[in-house]
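Here the sequence shown is numbered in numbering that gives the first Met the number 0, starting from 0 and rising by one per residue.
Where a beta carbon is used, it is the ideal one built from N, C-alpha and C, also for glycine.
This one's a predicted model, so the numbers in the text were calculated from it and none came from an experiment.
First the structure, in the form of structure tokens, and then the observations on it.
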Amino acid sequence: MSEFRFKQFSVTQDNCGMKVSTDGVLLGAWAEPKQAKNSLDIGTGTGLLSLMLAQRFQHLSLTAIEYDPAAYACATRNVRVSPFAAQIQLRQGDITQWHTCTRFEHIVCNPPYFTSGQTARDAKRATARHAHTLTHEALLHVLAARLTPSGCADLILPITEGERLIADATQYGLHLHRQVYVHPTPSKPASRLLFTLSPTTHPLISDTLVLRDDHNHFTPAFAALTRDFYLKLP
């Protein structure tokens with residue numbers, strides 16, 4: 000059994016296309032529901048983001064939706080055996096076909112990002128990584144429809160895809176609040192973009208984050224962000 004252990008919960012990954020990744024851990028540690036009472040996790044996969052947010056925000060009620068039945072089963076198992084099962088409700092299905100009147104004060108999503116070119120050889124991994132299963136246009140429509148007027152959505156994407164989605168977001172009445180350019184090392188260009196969108200306007204808060212130093216050790220900033228989760232960080 001493939002298992003990734005964190006300080007307060009474990010994630011089994013069998014039959015789940017998108018395994019635990021630095022992207023997911025970054026987003027789960029960086030996302031900021033603030034005083035939100037409810038949060039929607041779109042494409043929960045293993046359930047990682049919901050579990051991380053439940054650990055960080057004990058007041059938060061989470062709804063996690065997953066399209067792939069095998070990944071949904073994996074997330075259900077991970078949530079059930081965690082200390083946070085009471086906070087997380089899981090749903091299986093297509094977010095674009097989910098008919099509900101509920102609006103959310105917070106949304107979190109680690110979206111698929113391959114829009115063209117070679118698809119992953121494994122079908123489940125392809126579903127998790129390729130935007131043909133949830134186009135970025137469809138995602139923006141969901142964010143605009145599901146967020147409360149003062150709500151916010153936290154996401155992570157590669158730089159090009161992230162900047163494109165941010166540019167397109169204005170057509171859906173969504174505005175950029177926060178962004179962090181993530182660099183693997185001090186000498187490498189940014190490879191990921193963490194960002195927050197909201198129906199409200201707000202002065203932009205922009206920052207950078209370097210994950211590892213020139214000796215391949217976690218930087219103090221990355222360690223501080225993820226210390227509550229990674230076992231290897233005291």
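Cβ distance (whole Å) where THR225 is taken to contact ALA28 below 8 Å: Yes, they are in contact, since the Cβ atoms of THR225 and ALA28 sit about 5 Å apart, within 8 Å.
Are the CB atoms of THR45 and TYR91 within a distance shorter than 8 Å? The sequence as given places Gln at residue 91; Tyr does not occur at that position. No, they are not a contact pair.
Would you identify the three-state DSSP class for SER20, choosing helix, strand or coil? Of the three classes helix, strand and coil, the one that applies to SER20 here is coil, per DSSP.
With the cut-off set at 8 Å, would you say VAL78 and SER49 are in Cβ contact? At a Cβ-Cβ threshold of 8 Å, VAL78 and SER49 count as neighbours.
Determine which residues share a DSSP beta bridge with ILE155 and list them. Paired residue(s): LEU193.
Integer-rounded CB distance, given that CYS151 should sit under 8 Å from THR99: Wrong, their Cβ atoms sit about 19 Å apart, outside the cutoff.
To the nearest angstrom, how far is the alpha carbon of LEU89 from that of LEU39? Approximately 10 Å between the Cα atoms of the pair.
ARG191: buried (16+ other C-beta within 10 angstroms of its C-beta) or exposed? Per the 10 Å Cβ criterion, buried.
Which of the three DSSP states is assigned to THR134 in this structure? The answer is coil: DSSP assigns THR134 none of H, G, I, E or B.
My understanding is that LEU47 touches VAL19, with C-beta atoms under 8 Å, so please give their C-beta distance in whole angstroms. In this structure LEU47 is in contact with VAL19, their Cβ atoms being roughly 6 Å apart against a cut-off of 8 Å.
Quick check on DSSP: helix, strand or coil for SER81? Looking at SER81 - three-state DSSP - the assignment turns out to be coil, as it is neither helix nor strand.
Over the uninterrupted alpha helix (DSSP H) stretch that includes PHE221, give me the two end residues. Counting along the chain, the alpha helix (DSSP H) containing PHE221 begins and ends at 219 to 225.
Could you give the distance in angstroms between the alpha-carbon of LEU138 and the alpha-carbon of GLY42? Rounded to the nearest angstrom, the two C-alpha atoms are 11 Å apart.
Of the residues LEU156, PRO148, HIS216, which one's Cα is nearest the Cα of THR200? Ranked by Cα distance from THR200, the first of LEU156, PRO148, HIS216 is PRO148.
Just the Cα atoms here: how many angstroms apart are ASP93 and ARG76? The straight-line gap from Cα to Cα measures roughly 20 Å.
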